[in-house]
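When you read off a place in the sequence shown, starting at 1, and then add 2, the result is the number in the working numbering.
We treat Cβ as the ideally placed atom computed from N, Cα and C, and that holds for glycine.
Bear in mind the structure is a predicted one, so any value in this text is a computation, not a measurement.
Here is the structure we will look at.
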Amino acid sequence: MPQIIDGKKIAQEIKDEMKIEADKLRAQGIIPCMAVILVGDDPASAVYVGGKRKDCAYVGIESRAYELPKTTAEEELLTLIAQLNEDKNVHGILVQLPLPGHMDEKKVINAISPDKDVDGFHPVNVGRLCTGVEGFVPCTPAGIVQLLHRSGIKIEGKECVVIGRSNIVGKPASLLLLRENGTVTMTHSKTENLMDITKRADIVVAAAGRPKFITKEYLKKGAVVIDVGIHRNENNKLCGDVDFEDVFEKVSAITPVPGGVGVMTRAMLMYNCISAAKREELL
Ligand code: GUN
C-alpha cells in the first residue's frame, strides 16, 4: 500500500504555524497585510482570490481587495502597484493571473517590488532562486518541497524528473529540487523518449497539463509521484496528470487530486506573506 501524501493535513499544519507567526508579529505592532488585485470577471480567478482571502483571514493576515474592471488601462494598474509598493503597511502584493488580453503580464509582474512579490514571479526572485539566494519562491513548487519534507521523503541525491517547464511550476520546481540536492532532469513536450527518462526517477513531478498522462509504464517500482495536474475527467470528476488507479500499486508514495499539491499553493502563499511581514521586523 503506498503512502498517500495528505496535502490537506500538511497545508493545515502550515497555516496553523503561520497563524502563530502572525500573532507574534501583531504583538510587535506589525499587522501582516497582503494586497490582492483582481482585474476582470473571470469566474475561476474570482474563486481563487476568494480562497486566498479566506486563508488570510484564518491566519490573521489583513487582505486588501482591489477589484478592477476588465477594461482598466494597464497604466492604471501600474499606478496602483506603484502606490502599494510605497505603502509601508502592505507587505505582499498579488496580481491574480491571467490578466485581460490588452495587458502585458510580464510588465505588470516586473512592476511589483521584488520584496513584496509573494507569488515569487518577479525576475529578481527567479534569479535569487537560480543563484541560491534567499527570496520568494513560487507557491506551488514550494508546496511540493514541503509535501516531500513533511512526508519524510528524502530529496538529496535522488533522481528527480520534472515533466513540464512552465514558469509557475516546472522550472521553479526543478530549481528547488536542485537546491535540495536532488539530481534533476527537466522534461517537456519536445522531450524524446520521455518514458526512458521517467523510468529512472525516484521522484516524478508531473506538471504537463495532460489528464491521466502518466501511467505505470512511465514509472520505476517504488517511485514517489507528485501530481500537479488538475483536470475534469469525462464524468466531471477531478483528476490529475497521473492515472492514480493505474499507478497505485507501483508507487511508494503519491499525492491525490484533489487534496495533494493544489491545497498547498495557498498555504505557501500565507508562508510567503508572513516572510514578507517579517522583513519589516528586520528593517
Ligand atoms: N493564477 C493561477 N495561479 C496563480 C498563482 O499562483 N498566482 C497568481 N497571481 N495568479 C494565478
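A Cβ-Cβ contact shorter than 7 Å links G264 with I232. DSSP places H233 in the strand class (E or B) of the three-state scheme. Beta-bridge pairing by DSSP links Q5 to A255. Contact annotation: C35 and H93 have beta-carbon atoms nearer than 7 Å. For L40, the three-state secondary structure derived from DSSP is strand. Distance from the Cα of A84 is smallest, within the candidate group G103, V110, M105 and K72, for V110. Contact between V249 and T200 does not hold, since their C-beta atoms are separated by about 11 Å, which reaches or exceeds 8 Å. Contact between G184 and I205 is confirmed by a C-beta separation of about 7 Å, below the 8 Å threshold. Per DSSP, reduced to three states, the secondary structure at L96 is strand. Spanning the alpha carbons of K17 and D8 requires a straight line of approximately 14 Å. Positions of the beta strand (DSSP E) runs, each at least 3 residues long and wholly inside the region 69 to 138, are given as 94 to 97 in order along the chain. The beta carbon of V51 is closer than 6 Å to those of V38, L40 and Q98 in its chain, skipping five residues each way along the sequence. Going by beta carbons, L180 and V186 fall inside the 7 Å limit.
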